[in-house]
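Enquirer: Handing you a structure now.
Residue numbers (our numbering): 201 to 372.
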């Protein structure tokens with residue numbers, strides 16, 4: 201019920217100002233929460249039309265497409281975000297994730313490594329790279345990434361759990 205009420209308020213705001221980018225982006229989020237992907241898609245696209253040079257809206261749309269399993273389309277958005285902000289490690293990891301889902305292992309490795317090089321203290325990049333290795337049955341490499349993530353983000357239980365899981369999957 202709260203998302204429907206929020207949408208009503210955001211749409212009123214958009215009626216008063218059709219370029220209200222904050223309300224448009226929030227509508228997209230609310231529709232996603234309600235699993236109304238048709239309207240979420242419309243609002244994600246509208247945000248990019250209004251702010252074509254803001255990489256956040258491209259990335260948000262790309263993540264929406266990822267969640268729909270549309271990784272090729274998502275990569276177009278992430279590539280657009282990276283053309284605007286080429287050093288953004290978050291956009292790099294999103295590219296890596298989609299390339300991994302498309303089974304383009306080489307490009308996935310490149311983007312994960314670029315993200316880690318851009319921000320070597322971010323535990324999540326190591327963790328996500330570890331998940332990638334795990335998906336491909338490369339548990340030794342996954343373990344290395346999870347251990348690095350655990351060192352960088354000691355408060356995260358997931359990092360420690362995945363270390364244990366990958367260690368258990370190692371074969372002599």
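Ideal Cβ placement from N, Cα and C applies to all residues, glycine included.
Hey, which unbroken runs of the alpha helix (DSSP H) at 4 residues or more fall wholly within the stretch 206–282?
Expert: Runs found: 221–233, 237–250 and 255–267.
Enquirer: If you check the beta carbons only, do residue 239 and residue 231 fall under 9 Å apart?
Expert: Their beta carbons are under 9 Å apart, which means residue 239 touches residue 231 by this criterion.
Enquirer: Three-state secondary structure (DSSP) at residue 203?
Expert: Looking at residue 203 - three-state DSSP - the assignment turns out to be helix.
Enquirer: Pop quiz: residue 255 and residue 288 are said to be a contact at Cβ under 8 Å. What is the actual Cβ separation, rounded to whole angstroms?
Expert: Confirmed, about 7 Å.
Enquirer: Tell me whether residue 322 sits in a helix, a strand or coil according to DSSP, three-state version.
Expert: In the structure shown, residue 322 sits in coil (DSSP, three-state: anything other than H, G, I, E or B).
Enquirer: Report all residues from its chain with a CB closer than 8 Å to the CB of residue 268; omit the five preceding and five following residues, and keep chain order.
Expert: So the list reads 237, once near-sequence residues are dropped.
Enquirer: May I ask you to report which of helix, strand or coil DSSP gives residue 331?
Expert: Residue 331 falls in the helix class under three-state DSSP.
Enquirer: Could you give the DSSP three-state label for residue 343: helix, strand or coil?
Expert: Of the three classes helix, strand and coil, the one that applies to residue 343 here is helix, per DSSP.
Enquirer: Taking the alpha carbon of residue 335 as the point to measure from, which residue in 225, 301, 279 and 295 has its own alpha carbon closest?
Expert: Nearest option by C-alpha distance: 301.
Enquirer: With residue 345 and residue 329 assumed to form a contact (beta carbons below 8 Å), what rounded beta-carbon distance in angstroms separates them?
Expert: So it is a contact: roughly 5 Å between Cβ atoms.
Enquirer: Buried or exposed: residue 277, going by 16 or more other Cβ atoms within 10 Å of its Cβ?
Expert: By the neighbour-count rule (16 or more Cβ atoms within 10 Å), residue 277 is buried.
Enquirer: If you measure between the beta carbons of residue 312 and residue 292, is that distance less than 9 Å?
Expert: In contact: residue 312 and residue 292 (Cβ atoms closer than 9 Å).
Enquirer: Taking the alpha-carbon positions, what's the residue 233 to residue 223 distance?
Expert: Straight-line Cα distance between these residues: approximately 15 Å.
Enquirer: Near residue 246, which residues of its chain fall below 7 Å by C-beta distance, leaving aside the five closest residues on each side in sequence?
Expert: These residues qualify, in order along the chain: 224.
Enquirer: Could you tell me the distance, in whole angstroms, from the CA atom of residue 226 to the CA atom of residue 284?
Expert: Spanning the two alpha carbons is a distance of roughly 22 Å.
Enquirer: How about residue 259 and residue 294: do their beta carbons lie closer than 9 Å?
Expert: Yes, these two residues count as a Cβ contact at 9 Å.
Enquirer: Within 10 Å of its beta-carbon, does residue 266 have 16 or more other beta-carbons around it, so buried, or fewer, so exposed?
Expert: Per the 10 Å Cβ criterion, buried.
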